[in-house]
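Everything on this sheet refers to the single structure shown next.
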Amino acid sequence: MSQELTQNQRWLSRKYLAYKFLANLFFVEAVWLYFYRLFITDQQVGILDGFAFAIGLIAEVPSGVLADRFGRDRMVKLGQFLAGGGLLIQAFGSSFVPFFAGQAIMMIGISFVSGADEALFFGKLNFDRASVNWRKLVMRGSQVVLIGLLVATVVGGWLHTVNPRIPWILTGFSFIGSVLLIWSIKDIRPEKGKQKFSTELREHLASIKSGFAQFRTPKLWLYVPIILIVQGLFYTAGWGLLRLVLLDRFHFDPFWGSIVIATSSLITVGILALMHKYAENMSEKRVLALVSVSAAASLLLSFADIGMWGYFVVFTLYAGEYVLYPFMSEVLNNRAEENQRATVLSVASFLRTLPYVVLAPIIGYLNTYNKLEYFLISWAILIFVAILLYLLLKKKDGFISLVQKETEKEMRVPEISV
Numbered sequence: 009m010s011q012e013l014t015q016n017q018r019w020l021s022r023k024y025l026a027y028k029f030l031a032n033l034f035f036v037e038a039v040w041l042y043f044y045r046l047f048i049t050d051q052q053v054g055i056l057d058g059f060a061f062a063i064g065l066i067a068e069v070p071s072g073v074l075a076d077r078f079g080r081d082r083m084v085k086l087g088q089f090l091a092g093g094g095l096l097i098q099a100f101g102s103s104f105v106p107f108f109a110g111q112a113i114m115m116i117g118i119s120f121v122s123g124a125d126e127a128l129f130f131g132k133l134n135f136d137r138a139s140v141n142w143r144k145l146v147m148r149g150s151q152v153v154l155i156g157l158l159v160a161t162v163v164g165g166w167l168h169t170v171n172p173r174i175p176w177i178l179t180g181f182s183f184i185g186s187v188l189l190i191w192s193i194k195d196i197r198p199e200k201g202k203q204k205f206s207t208e209l210r211e212h213l214a215s216i217k218s219g220f221a222q223f224r225t226p227k228l229w230l231y232v233p234i235i236l237i238v239q240g241l242f243y244t245a246g247w248g249l250l251r252l253v254l255l256d257r258f259h260f261d262p263f264w265g266s267i268v269i270a271t272s273s274l275i276t277v278g279i280l281a282l283m284h285k286y287a288e289n290m291s292e293k294r295v296l297a298l299v300s301v302s303a304a305a306s307l308l309l310s311f312a313d314i315g316m317w318g319y320f321v322v323f324t325l326y327a328g329e330y331v332l333y334p335f336m337s338e339v340l341n342n343r344a345e346e347n348q349r350a351t352v353l354s355v356a357s358f359l360r361t362l363p364y365v366v367l368a369p370i371i372g373y374l375n376t377y378n379k380l381e382y383f384l385i386s387w388a389i390l391i392f393v394a395i396l397l398y399l400l401l402k403k404k405d406g407f408i409s410l411v412q413k414e415t416e417k418e419m420r421v422p423e424i425s426v
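What the sequence shown shows, in my numbering, is residues 9 to 426, in sequence order.
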């Protein structure tokens, strides 16, 4: 059920949408691998990505703890500045070292932002937990992101043919611009007083441990395989080598690859519009099952030399990420403790990123020696295992009507398994 928004919630919602637009203008979306290939090999790209993402991964969870303790707004602003700066370093690089340094700085920045921005807006908006307003806002935000990506991808693909450095420069400035947009939004939670370094360190480590422990509780542990395997695949496709490797496998050049991604973005916007319209009636279980099975089937379809039909493989992996995200965001935000929300979201981001640290050099190596099939079949099997585990053990659908929720609150009757 939707809740009538206050004037402040409407203002924050508009800020959220504008922020999501600027922070996701990836002009390098379809061309970054081709830019790297001007100077280094695919195997070097895999090594670069693996190590740089590992550095970002190490920063992921501590950044969430820092955001919860010292201000989510500060971490978001610092992170976007670092991410934009890392992109600008790569824009003017011509060898492995500046690419590695820039990518590492960018990933540290993204790690600082990850979880903190969502926790900041979720806390400031303070929607009724019984409503689907957050789910609907995230869906609308995903639409805005995709429209921005549609424009940025096509423009970036064209600009790559003019000067391959320009897309990187524009992306860097877009990230920095997002900071200026949300500069007035402050995290007003009370700050903790300063303590001795040893005390701060112990509390910091305890918070990290507690954040991971949240995913061993019944309310979250079942989602861990989905985050690792399914969202991990989408991360590998969206942020990593896989999408561009698949485009190359299906014989799309940089320009046509940009068109594939742009049209996939446009269609996904339409899908999200329908999801937004029927958000109150959508089942978490069905959505997770459909997205997961479709992703596994796409990997298996990639075995064949299907040429232009490979568009549907790329589209399925592209759309699946955005269809799944609102439901996972709702699960994590609603089930996390307020004082640990950014930490929990950062742990989830850590788990989602973790597979790519291992997969980046493997995919680079396998693609170099035309053995990508080993990855495709192995990961498809893992997806089937993850979703079967989820379906077998999930006690009830993620959608429960407001009437049922209110009845449970009043009568406190046991939940009935489906």
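C-beta atoms are modelled at their ideal positions from N, C-alpha and C, and glycine is treated no differently.
Model, not experiment: these values are computed from the prediction.
**OP:** Assign His259 to buried or exposed, taking buried as 16 or more other Cβ atoms, counted over all protein chains shown, within 10 Å of its Cβ.
**Re:** Counting of Cβ neighbours within 10 angstroms places His259 among the exposed residues, the total staying below 16.
Subject >> Chain-order list of residues whose beta-carbon lies under 6 Å from that of Gly406 (same chain, five-residue window excluded) >> reply: Here Gly406 scores only 47 on pLDDT, less than 50, and its place in the model is too uncertain to base an answer on.
Subject >> Contact belief for Ala297 with Leu399 at Cβ below 8 Å, rounded distance in angstroms >> reply: So it is a contact: roughly 6 Å between Cβ atoms.
**OP:** Let me know the secondary structure DSSP gives His168 once reduced to three states.
**Re:** It is helical.
Subject >> Three-state class that DSSP yields for Thr2 in the structure shown >> reply: Since the displayed the chain opens at 9 and closes at 426, residue 2 lies outside it and no answer follows.
Original post:
Taking the C-alpha atoms as reference points, what is the distance between Ser102 and Tyr326?
Top reply: Cα-Cα distance, rounded: 30 Å.
Subject >> Simplified DSSP assignment, three categories, for Ala350 >> reply: Ala350 falls in the helix class under three-state DSSP.
**OP:** Could you tell me the boundaries of the alpha helix (DSSP H) in which Trp176 lies?
**Re:** Counting along the chain, the unbroken alpha helix (DSSP H) around Trp176 starts and ends at 174 to 189.
Subject >> Straight-line Cα distance separating Phe59 from Gln52 >> reply: Using only the alpha carbons, I get a separation of about 11 Å.
Subject >> Coarse secondary structure for Met336, derived from DSSP in three states >> reply: Correct three-state label for Met336: helix.
Subject >> Complete alpha helix (DSSP H) runs within the region 255 to 323 (minimum length 4 residues, chain order) >> reply: Runs of the alpha helix (DSSP H) inside the region 255 to 323: 262 to 285, 292 to 309.
Subject >> Contact check, Val146 vs Pro262, beta carbons under 8 Å >> reply: No, the pair does not count as a contact, with Cβ atoms beyond the cut-off.
**OP:** Whole angstroms is fine: what's the gap from Tyr24's alpha carbon to Ile190's?
**Re:** Within the model, the alpha-carbon separation for Tyr24 versus Ile190 is close to 8 Å.
Original post:
Does the separation of the CB atoms of Arg80 and Ala356 fall below 8 Å?
Top reply: Their beta carbons are not under 8 Å apart, which means Arg80 does not touch Ala356 by this criterion.
Original post:
Is the Cβ-Cβ distance between Ala303 and Gly328 less than 8 Å?
Top reply: Closer than 8 Å, so yes.
Subject >> Environment of Gly315 [buried if 16+ CB atoms lie within 10 Å] >> reply: Residue environment analysis places Gly315 among the exposed positions, since fewer than 16 neighbouring C-beta atoms fall within 10 angstroms of its C-beta.
**OP:** Measuring alpha carbon to alpha carbon, tell me which of Leu33, Val159, Arg137, Leu397 ends up nearest Thr179.
**Re:** Nearest option by C-alpha distance: Leu33.
**OP:** Label Asp57 either buried or exposed according to how many other C-beta atoms from any shown protein chain fall within 10 Å of its C-beta, with 16 as the threshold for buried.
**Re:** Buried, since its Cβ has 16 or more Cβ neighbours within 10 Å.
Original post:
Taking all protein chains shown into account, do 16 or more other C-beta atoms lie within 10 angstroms of the C-beta of Ser386, making it buried, or fewer, making it exposed?
Top reply: Ser386 is exposed by the Cβ-count criterion.
Original post:
Does the separation of the CB atoms of Gln348 and Ser192 fall below 8 Å?
Top reply: With contacts defined by Cβ atoms closer than 8 Å, Gln348 and Ser192 do not form a contacting pair.
Subject >> Contact set for Leu309: own chain, Cβ-Cβ below 7 Å, skip 5 residues either direction >> reply: Only Val321 meet the Cβ criterion.
Original post:
Counting Cβ pairs, one atom from each stretch, are 3 or more of them under 8 Å apart for the region 151 to 164 and the region 30 to 47?
Top reply: With the cut-off at 8 Å, the region 151 to 164 and the region 30 to 47 touch.
**OP:** Would you kindly report the start and end of the unbroken alpha helix (DSSP H) that includes Thr244?
**Re:** Counting along the chain, the unbroken alpha helix (DSSP H) around Thr244 starts and ends at 240 to 246.
**OP:** Could you name the residues of the same chain whose beta carbon sits closer than 6 Å to that of Val295, not counting the 5 residues immediately before and after it, in chain order?
**Re:** If we look at Val295 and ignore the five residues flanking it on each side, its Cβ neighbours are Phe335.
Original post:
Using the rule of at least 16 other Cβ atoms within 10 Å of the residue's Cβ for burial, across every protein chain shown, is Glu418 buried or exposed?
Top reply: Per-residue confidence for Glu418 stands at a pLDDT of 41, beneath the threshold of 50, marking its modelled position as unreliable; no derived number is given.
Subject >> CA nearest to the CA of Arg343, picked from Leu230, Ala245, Thr376 >> reply: For Arg343, the closest of Leu230, Ala245, Thr376 by C-alpha to C-alpha distance is Leu230.
Original post:
What are the start and end residues of the alpha helix (DSSP H) that includes Phe108?
Top reply: Its alpha helix (DSSP H) spans residues 104 to 121.
Original post:
Looking at the structure shown, is Leu228 part of a helix, part of a strand, or coil, going by DSSP?
Top reply: Of the three classes helix, strand and coil, the one that applies to Leu228 here is coil, per DSSP.
**OP:** Confirm, please, whether the CB-CB distance from Gly156 to Ser354 is below 8 Å.
**Re:** Judged by their CB atoms, Ser354 and Gly156 are not nearer to each other than the 8 Å cut-off.
Subject >> Chain-order list of residues whose beta-carbon lies under 8 Å from that of Phe205 (same chain, five-residue window excluded) >> reply: For Phe205, the predicted model reports a pLDDT of 47, less than 50, meaning its position is unreliable; a value from the coordinates is still stated below. Within the same chain, Phe205 has no close Cβ partners at all.
**OP:** Leaving aside the five residues before and after Leu380 along the sequence, list all residues of the same chain whose C-beta is less than 6 Å from its C-beta, in chain order.
**Re:** In chain order, Leu374 place their CB closer than 6 Å to the CB of Leu380, counting only its own chain and leaving out the 5 sequence neighbours on each side.
Original post:
Hey, out of Pro70, Gly131, Trp264, Phe242, whose CA is closest to Gln17's CA?
Top reply: Closest by alpha carbon: Gly131.
Original post:
Is the Cβ-Cβ distance between Ile237 and Ile391 less than 8 Å?
Top reply: Pairing Ile237 with Ile391 gives a Cβ-Cβ distance under 8 Å.
**OP:** Answer with buried or exposed for Gly87, where buried requires no fewer than 16 other C-beta atoms within 10 angstroms of its C-beta.
**Re:** Buried is the call here.
Subject >> Sufficient close CB pairs (3 or more, under 8 Å) joining the region 113 to 127 to the region 261 to 275 >> reply: The region 113 to 127, when compared against the region 261 to 275, does not touch it at the 8 Å Cβ threshold.
Original post:
In chain order, what residues of the same chain lie with their CB nearer than 7 Å to the CB of Ala26, ignoring the 5 residues before and after it?
Top reply: Correct list, in chain order: Leu189.
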